[in-house]
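Numbering (my numbering), first residue to last: 3 to 367.
Where a beta carbon is used, it is the ideal one built from N, C-alpha and C, also for glycine.
Computed from a predicted structure; not experimentally measured.
Okay, structure first, notes after.
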Amino acid sequence: MGDMLSTLVFRPPQPTPLAPSKYFWLDTKCEGSPDGMGKVPAFFLKRRGATVTVLFSHGNAEDLGMMYTRMKEIAMLFKVSVLAYDYSGYGKSTGQVSEQNCYWNIEAAYKFLVEVRNIPPESIILYGRSVGSGPTCYLAAKTASEGRSVGGVILHSPFLSVCRVAVDAGFSLPGDLFRNLDQAPKIRCPVFIIHGTSDTVVPFWHGQELLMHVPAEYRAPPFWAEGMGHNGIELFMRQTYFERVSTFILKYIASSVGVPIPPQPIPEIDRADVEVGERSPCTVRLNFTWLGAGPLVRRRGKNESSALRRKNADVAEQNNGENGTTTDENAGPSNEEDNRTLYTEMNDTLVQGADKVNENTLNSE
């Protein structure tokens with residue numbers, strides 16, 4: 003069953019062009035390779051004045067090239083540094099895509115932040131979108147079990163597990179992938195979940211029930227995007243998305259003050275009160291979007307994200323061009339010559355607008 007699920011879950015797109023000066027290589031363990039090792043590309047966007055760093059794990063039909071412009075926006079709007087990476091078998095990466103390789107990939111990215119960039123775990127926020135919620139929950143649980151948790155977690159359109167997206171019988175089936183519901187109880191940092199209430203790819207109740215599996219003291223108020231599907235929340239609800247993510251970072255990530263501080267529980271008055279409809283123990287929930295097999299899933303996903311794709315139609319040109327608001331420098335002496343760290347500056351309009359929203363958001367709490 004694992005192989006069958008993999009064909010539905012992992013859908014690498016045609017590699018998106020990205021200039022060599024924009025990324026560097028991470029060494030990673032890789033099952034299926036002759037020597038057990040592989041390489042995945044990554045880029046690190048360092049925001050001047052940032053107090054926290056976001057480690058971003060992308061969705062199943064995206065690659066690193068598609069992420070570049072979007073991650074620059076995240077760095078600018080939220081005043082954070084960003085590390086994004088690809089999965090084995092995606093884009094320019096070597097090896098094949100698998101659940102285990104995704105776990106090793108995010109471990110390699112995390113190791114780069116902690117050991118090469120010297121960023122404390124408490125100052126790292128894991129952000130996983132869709133299938134990226136799998137490696138994100140895995141690493142959050144792993145760092146907690148090792149006694150030094152990351153600072154926070156953002157899960158965007160996450161699922162309980164891959165098999166439960168298609169058929170949820172109320173228990174785990176053999177061969178299931180990315181069992182986030184088993185990882186969530188082990189997390190020991192604030193968790194913020196974003197999910198569209200009209201999502202047909204990963205039904206809304208996945209976000210609700212996953213939040214229930216997070217320890218109560220770490221459940222931040224979620225963002226249930228009314229009427230939104232699996233894609234486009236950050237595009238069509240841009241202002242609300244910005245305000246809610248900013249509030250989570252500034253209010254619940256302890257290290258956002260500029261000093262590494264272990265993650266703190268959510269104040270009891272702010273903790274999410276999760277409500278999920280009652281369900282009979284014998285109920286089996288079916289997702290006909292997925293049961294229609296791969297071609298239907300592809301069509302639905304393609305149709306739902308068409309506006310987002312149109313917005314990024316010139317992504318290759320934007321990725322490989324330069325603009326006056328960024329400066330590149332070598333990422334570090336231990337990396338290859340084409341490694342780059344991007345320093346992102348906000349123009350005056352964005353600075354004033356972002357500061358105003360941040361101020362209003364904090365004052366309203």
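Whole angstroms is fine: what's the gap from residue i's alpha carbon to residue j's?
{"i": "residue 124", "j": "residue 179", "result": "28 Å"}
{"i": "residue 187", "j": "residue 222", "result": "14 Å"}
{"i": "residue 88", "j": "residue 275", "result": "35 Å"}
{"i": "residue 370", "j": "residue 66", "result": "No answer is possible for residue 370: the residues shown for the chain start at 3 and end at 367."}
{"i": "residue 72", "j": "residue 190", "result": "28 Å"}
{"i": "residue 114", "j": "residue 177", "result": "31 Å"}
{"i": "residue 142", "j": "residue 149", "result": "11 Å"}
{"i": "residue 269", "j": "residue 34", "result": "45 Å"}
{"i": "residue 41", "j": "residue 198", "result": "34 Å"}
{"i": "residue 78", "j": "residue 175", "result": "42 Å"}
{"i": "residue 43", "j": "residue 183", "result": "29 Å"}
{"i": "residue 231", "j": "residue 214", "result": "21 Å"}
{"i": "residue 108", "j": "residue 128", "result": "10 Å"}
{"i": "residue 229", "j": "residue 237", "result": "14 Å"}
{"i": "residue 394", "j": "residue 49", "result": "An answer regarding residue 394 cannot be provided, because it is not within the stretch 3 to 367 covered by the chain."}
{"i": "residue 39", "j": "residue 57", "result": "22 Å"}
{"i": "residue 181", "j": "residue 195", "result": "16 Å"}
{"i": "residue 29", "j": "residue 110", "result": "7 Å"}
{"i": "residue 16", "j": "residue 24", "result": "18 Å"}
{"i": "residue 90", "j": "residue 271", "result": "42 Å"}
{"i": "residue 122", "j": "residue 202", "result": "38 Å"}
{"i": "residue 241", "j": "residue 217", "result": "29 Å"}
{"i": "residue 22", "j": "residue 219", "result": "43 Å"}
{"i": "residue 262", "j": "residue 120", "result": "12 Å"}
DSSP puts residue i in a beta bridge; with which residues?
{"i": "residue 229", "result": "Bridge partners of residue 229: none, in fact."}
{"i": "residue 158", "result": "131, 196"}
{"i": "residue 153", "result": "Per DSSP, none; premise fails for residue 153."}
{"i": "residue 41", "result": "29"}
{"i": "residue 221", "result": "193"}
{"i": "residue 126", "result": "55"}
Assuming residue i contacts residue j (C-beta within less than 8 Å), just tell me the rounded distance between them.
{"i": "residue 257", "j": "residue 53", "result": "6 Å"}
{"i": "residue 85", "j": "residue 46", "result": "5 Å"}
{"i": "residue 20", "j": "residue 70", "result": "6 Å"}
{"i": "residue 116", "j": "residue 155", "result": "With a Cβ gap of about 16 Å, residue 116 and residue 155 do not count as contacting."}
{"i": "residue 130", "j": "residue 157", "result": "6 Å"}
{"i": "residue 18", "j": "residue 68", "result": "5 Å"}
{"i": "residue 103", "j": "residue 165", "result": "With a Cβ gap of about 19 Å, residue 103 and residue 165 do not count as contacting."}
{"i": "residue 62", "j": "residue 132", "result": "6 Å"}
{"i": "residue 167", "j": "residue 204", "result": "6 Å"}
{"i": "residue 112", "j": "residue 140", "result": "Between residue 140 and residue 112 the Cβ distance is about 11 Å, and since that is not below 8 Å, they are no contact."}
Return the first residue and the last residue of the beta strand (DSSP E) that residue i is part of.
{"i": "residue 86", "result": "83-87"}
{"i": "residue 200", "result": "Residue 200 -> no beta strand (DSSP E), and no H or E assigned at all."}
{"i": "residue 31", "result": "26-31"}
{"i": "residue 54", "result": "Element bounds for residue 54: n/a, residue is neither H nor E."}
Taking 7 Å as the cut-off, does the CB of residue i come closer than this to any heavy atom belonging to the ligand PLP?
{"i": "residue 202", "result": "In the structure shown, the ligand PLP is absent, as is every other ligand, since no ligand is present at all."}
For the alpha helix (DSSP H) that contains residue i, what are its first and last residues?
{"i": "residue 247", "result": "240-254"}
{"i": "residue 66", "result": "66-80"}
{"i": "residue 101", "result": "101-113"}
{"i": "residue 182", "result": "182-185"}
{"i": "residue 168", "result": "164-168"}
Would residue i count as contacting chain C if we go by Cβ distances under 8 Å?
{"i": "residue 108", "result": "The structure shown contains no chain C, having only a single protein chain."}
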